[in-house]
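Here the structure is laid out as structure tokens; the discussion comes afterwards.
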Amino acid sequence: MSISTDILHQMEILKYAGAVDRENEILYLSSYMQRETGLPSTNRMKNVVVNYSQFCDWSHTKQTAFDLQLVKTTNHHAYYRLQKISTTTTGQMFLMTNIDDILAIEMKQNYDRLQNKKLTNNIPCGLFKAALDESMTLLYHNLYFNKTFVYDPTDAISDIQQIVLPDEFMQLLKDIRSHKITVSDTYYFEEENRCIKKDGSIIWVLCRYAYEGNDIFGAVFDITDRKLIEDRLRISEQEYRIAMKQLNKTLLRYHIPTKTLSMGDPDDRVLGDYTEVKNVPECVQNMNLVAKESLEEYMRFYHAMLEGVPQGSAMFKLRVKDRDDYAWIKAHYFLTYDKEKHPVTSIISYEDYTEEYDQKLSYQRWIQIFENQKANAIAYYEYDITKDQLEVMESTVIPEIPFAKRRSFTFVAQYAANNFVYAKDRKKYLTIFDRQYLLSCYYQKKFVVTCEHRRYDVKKHIYWAKAEIQLMEDPYTKHIKAFVLIQDIDKIKCRELEVQLELESDSLTGLLNRKTIAEKVDYILQEQEEELHALIMLDLDNFKQLNDKLGHMQGDEVLRDVAQILRGLMRSHDLCARIGGDEYILFLKDICNREALRKKLQQLSDALSFNVDGITISASLGACLAPEHGDNFMTLYQKADEAMYARKRNGRHGFRIYGE
1 MSISTDILHQ
11 MEILKYAGAV
21 DRENEILYLS
31 SYMQRETGLP
41 STNRMKNVVV
51 NYSQFCDWSH
61 TKQTAFDLQL
71 VKTTNHHAYY
81 RLQKISTTTT
91 GQMFLMTNID
101 DILAIEMKQN
111 YDRLQNKKLT
121 NNIPCGLFKA
131 ALDESMTLLY
141 HNLYFNKTFV
151 YDPTDAISDI
161 QQIVLPDEFM
171 QLLKDIRSHK
181 ITVSDTYYFE
191 EENRCIKKDG
201 SIIWVLCRYA
211 YEGNDIFGAV
221 FDITDRKLIE
231 DRLRISEQEY
241 RIAMKQLNKT
251 LLRYHIPTKT
261 LSMGDPDDRV
271 LGDYTEVKNV
281 PECVQNMNLV
291 AKESLEEYMR
301 FYHAMLEGVP
311 QGSAMFKLRV
321 KDRDDYAWIK
331 AHYFLTYDKE
341 KHPVTSIISY
351 EDYTEEYDQK
361 LSYQRWIQIF
371 ENQKANAIAY
381 YEYDITKDQL
391 EVMESTVIPE
401 IPFAKRRSFT
411 FVAQYAANNF
421 VYAKDRKKYL
431 TIFDRQYLLS
441 CYYQKKFVVT
451 CEHRRYDVKK
461 HIYWAKAEIQ
471 LMEDPYTKHI
481 KAFVLIQDID
491 KIKCRELEVQ
501 LELESDSLTG
511 LLNRKTIAEK
521 VDYILQEQEE
531 ELHALIMLDL
541 DNFKQLNDKL
551 GHMQGDEVLR
561 DVAQILRGLM
571 RSHDLCARIG
581 GDEYILFLKD
591 ICNREALRKK
601 LQQLSDALSF
611 NVDGITISAS
621 LGACLAPEHG
631 DNFMTLYQKA
641 DEAMYARKRN
651 GRHGFRIYGE
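Position one of the sequence shown corresponds to residue 1 (the UniProt record's numbering), numbered consecutively onward.
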């Protein structure tokens, strides 16, 4: 296959021209390129081109450029860049350019790049380049960057977001972007933030940034140790400040020659909104800093310094920062002297004495109040709960308390609960009369604690009492003290309970409500006081379990069924009521004897034992007799209730008669 004379003439004009046929055989090389390459004008490409297969692939594509590696006649390798200029039916024409120098430069650049990479890997800090996209994609990072975050050299860290604490990354990115906009002429800037290492631990890093176009360079330094030291110093400073605040003391400096009073810490200043006041003490009369009743004492305090008295103290009311009223200040001073022993400066300490002053007044006031109330109290105690020690006991039950236990608050409280407090109220009583609980109340600024509970009198009758506990700090020993008054509130409490009963009614079962049965029982007892009657308290066993498992609708159905069973077992003139929850009261009017009561209790116990979806429902009953155990509803109710709970404690599903 040949090339036309016209085409050859055109190509000869081109200094760097060449052509190949469709089989990639050389058809033509310009005379210059023949000298350049040392090749004849015709030769088989396959014999001289090292990357011949790639060359063949390129010749059949639309790509215009290809880097050709060939072997010259001198056996030296040379590189030429081919550029297609024409494609005909006979083959392709192209221009050839020697690129040996270009490749040499590229090889030098690659070598320099490798050397730079080796250098950056040896720099003892993390270096990176990142894009300013949403995740700060890493474009480059050295080995020390991986080492900083405990990643292996082969581990891939894709972006900065991967290593910065999530809560801080968005703010960091925002800061970097805003910094570029606002101070783009700055050579570099720094940021501190927390990062996550590969093992999940947190470190602090300092990163120094510099921009390069739309990317950013960074140098990372681990500053965790420095941060720990800073934290320790900050904590130490805070502890010092806290200690000073706990002492309620503030230091001031009074310059005697100029009569200027100044202080350093603005957070602790006791000069109102001033950090420095001149012409002290005369100026304070017009500044409203000192209460009128303390002005004379304040003036005396500072005049003593001006007169050269080496040290002194005073107590006055001063208006301090962040307070609407005056504070009691206990002040002390010591003079310092120059070389000629003239007084120059007075070092003054102000101590806020308001709380302690108020405590002393409160202490004295409460002592007087409790002294007046002791005459009407069942008992009066004074405890040092800091030391768990009983200091004063005035009570009708003192002889009953073992002498060895009278000195301990904890033992006295436990003994009283076990022997004087009604069983159902013991848990509540011991919760209140607990040393740690009372201390926590005091420190939470709850200074008055009350506990209404039931107690036994000397005849073992139950009555309502109220314990009032006043908690105060002894202004002299600084111990926390409890002043306890126990008062008889039975009449008041019973009336409260009556009112409460009146408000209760039972709409679920149709039985009498609590108020109605109480009124009817009291009426019957008054009208037939010579007859024998019985009052029964009934509480269902396992009812809570049924409610929890089957739901309240099923529970309500059971309560109605129990009411129906009771109606069927009671005589027409007996009384039956539901008093709340799963508790019922039965009143048997005019019974024959105790044995008749026992049979009725057994009958009720047997009838009220049934199964509901696998849950056994039974009843615990307690009973008492009138007039043997009481002549009014409340007394009988309490004794029947006590008997019922005694039955529960000894095993459910059964009955017990009070006193047996």
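Virtual Cβ for every residue (Gly too), placed ideally from N, Cα, C. Every value quoted in this text rests on a predicted model; they were computed, and no experiment measured them.
Annotation for C56: the continuous alpha helix (DSSP H) segment containing it runs 52-59.
Between K599 and R571, the C-beta gap is not smaller than 9 angstroms, which leaves the two residues out of contact. In the DSSP assignment, K481 is bridged to D384, M472. DSSP places F411 in the uninterrupted alpha helix (DSSP H) bounded by 409-419. At a Cβ-Cβ threshold of 9 angstroms, G622 and R514 do not count as neighbours. Here Y523 is exposed, its C-beta having fewer than 16 other C-beta atoms within 10 Å. Y456 is positioned such that its CB atom lies no closer than 9 angstroms to that of F433. Within the same chain, Cβ atoms closer than 6 angstroms to the Cβ of F543 are found at D582, the five residues on either side in sequence being excluded. A straight-line Cα-Cα distance of about 17 angstroms links L430 and R407. Between the beta-carbon of I385 and that of R435 there is about 5 angstroms, and that keeps the pair under the 8 angstroms contact cut. Under the 10 Å beta carbon count, M537 is surrounded by 16 or more other beta carbons and is classified as buried. For R647, the enclosing alpha helix (DSSP H) starts and ends at 633-649. The beta-carbon separation of L535 and C624, rounded to 6 angstroms, stays under the 8 angstroms limit for a contact.
A direct Cα-Cα distance of roughly 23 angstroms separates K278 from D325. Residue pairing for Y333: DSSP places it in a beta bridge opposite G312, I348.
In this chain, N288 is not harboured by any alpha helix (DSSP H), its DSSP state being neither H nor E. For I480, same chain residues with a beta-carbon under 7 angstroms away, outside a window of 5 residues either side, are I385, T386, L439, Y442, L471, E473 in chain order. In the three-state DSSP reduction, E307 falls in the coil class, being neither helix nor strand. In the DSSP annotation of this structure, the continuous segment of the alpha helix (DSSP H) that includes K549 starts and ends at 543-550. Residue ranges of uninterrupted beta strand (DSSP E) with 3 or more members, entirely inside the region 425-467 and ordered along the chain, are 448-456. With contacts defined as CB atoms closer than 9 angstroms, L27 and G91 qualify as a contacting pair. Per DSSP, the unbroken beta strand (DSSP E) holding N611 starts and ends at 610-612.
For S620, the number of other beta carbons within 10 angstroms of its own is at least 16, and it is reported as buried.
Per DSSP, the beta bridge partners of D222 are V205. Annotation: the continuous alpha helix (DSSP H) that includes R35 extends over 31-37. For Y209, the closest of H179, R194, D199 by C-alpha to C-alpha distance is H179. When I517, L497, E527, V499 are compared, the shortest CA-CA separation from D506 is found for I517. Distance from Y333 to I347 at the Cβ level is roughly 7 angstroms; contact confirmed, criterion being Cβ atoms closer than 8 angstroms.
As DSSP reads the structure, A17 sits in a beta bridge with L95.
Going by beta carbons, R194 and L165 fall inside the 9 angstroms limit. I176 and K129 have their C-alpha atoms roughly 14 angstroms apart. In this model, R594 and D631 are separated by some 17 angstroms (Cα to Cα). In the structure shown, A156 falls within a coil segment according to DSSP collapsed to helix, strand and coil. In terms of CA proximity to V499, E519 leads the group F483, T509, G510, E519.
Collapsing the DSSP output to three states places Y151 in coil. Under the 10 Å beta carbon count, I585 is surrounded by 16 or more other beta carbons and is classified as buried.
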